[in-house]
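Q: This is the structure I have questions about; it appears just below.
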Amino acid sequence: MKKIIILFLAIAVIAGCSDDTSDKGSKEDSKEVSKDTTIPEGEVYSINETAEITNPKHGFTYEVTVNSFELTDKYKDKTMDELKVEGFPDAKLAVANVTIKNIGDQVFKPSQIKNLLLTVDGNGTGKMDLSPSLNVELEPGKEITKDLVFFCVIPSSELFLEFERYSEYEAKFSLPNAETNK
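In structure tokens, the structure reads:
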């Protein structure tokens, strides 16, 4: 009985270590499935370039142009000291002046744009607590220009402003960062 068990174990080890690839079809099928389920990364735009974007949830289409960008210690009448960003001594305010234009045929509010993020090396950062309200109706053909203000806790990295992140309509703007050139 012992010899039979050892024989089966030996066969199992040999079969497990085999380089036989006779089941190529199923490996290729699984690769195809994974390709179809990934969301493609959006195009990267620069300052003054315009991206055309569709909101996947509400279906409205709009254009975005990032007109300017700066990292600063104050915005309007608020300074970093007044905002008390504790634990992040190098934090800055990231201010992106953005124009959003309704190029579709339905009214929408720019506040409906989801996953609007300032990202550092691909990771989200900060909040838009100081940004003016984007809760205004934008009629077809109309545009609005506003400052989007974020807390940036890692200002010495590569920065991006992303719209509709994690969707097939994602647009990413590369932001000039003087902090990385120090």
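Under our numbering, the sequence shown is numbered contiguously, ending at residue 348. Ideal Cβ positions, reconstructed from N, Cα and C, are used throughout, including at glycine.
Using the rule of at least 16 other Cβ atoms within 10 Å of the residue's Cβ for burial, across every protein chain shown, is Pro255 buried or exposed?
A: Burial call: exposed.
Q: With a threshold of 8 angstroms, are at least 3 pairs of Cβ atoms found where one atom belongs to the stretch 298–307 and the other to the stretch 241–250?
A: No: fewer than three Cβ pairs fall under 8 angstroms.
Q: Measure the C-alpha to C-alpha separation of Asn263 and Asp313 and round it to an integer number of angstroms.
A: Cα-Cα distance, rounded: 4 angstroms.
Q: Can you tell me whether Glu248 is helix, strand or coil according to DSSP?
A: Reduced to three states, the DSSP call for Glu248 is helix.
Q: By Cβ distance, which residues of its chain are closer than 8 angstroms to Glu209, with the 5 residues on each side in sequence left out?
A: For Glu209, where only same-chain residues beyond five positions count, the Cβ hits under 8 angstroms are Ala217, Ala337 and Lys338.
Q: Are Phe274 and Pro342 touching if we call contact CB-CB under 9 angstroms?
A: No; because the gap between Cβ atoms is not below 9 angstroms, this pair is not in contact.
Q: With C-beta atoms as the reference, is Phe226 less than 9 angstroms away from Gly270?
A: Yes, the Cβ-Cβ distance between Phe226 and Gly270 is below 9 angstroms.
Q: Below 9 angstroms between beta carbons: does that hold for Lys267 and Val232?
A: No, these two residues do not count as a Cβ contact at 9 angstroms.
Q: Give me the residue from Tyr228, His224, Phe316 and Thr220 with the minimum Cα distance to Gly307.
A: With distances taken between Cα atoms, Gly307 lies closest to Tyr228.
Q: By how many angstroms is the C-alpha of Gln278 removed from the C-alpha of Glu330?
A: Each residue's alpha carbon lies about 10 angstroms from the other.
Q: So, helix, strand or coil for Ser277, using DSSP?
A: Residue state, collapsed to three classes: helix.
Q: Of the residues Tyr335, Phe316 and Gln272, which one's Cα is nearest the Cα of Glu305?
A: Closest by alpha carbon: Gln272.
Q: At what residues does the beta strand (DSSP E) containing Glu215 begin and finish?
A: Note, Glu215: premise wrong, no beta strand (DSSP E); not H, not E.
Q: Give me the Cα-Cα distance between Thr238 and Leu284, rounded to the nearest whole angstrom.
A: Cα to Cα, the separation comes out at about 15 angstroms.
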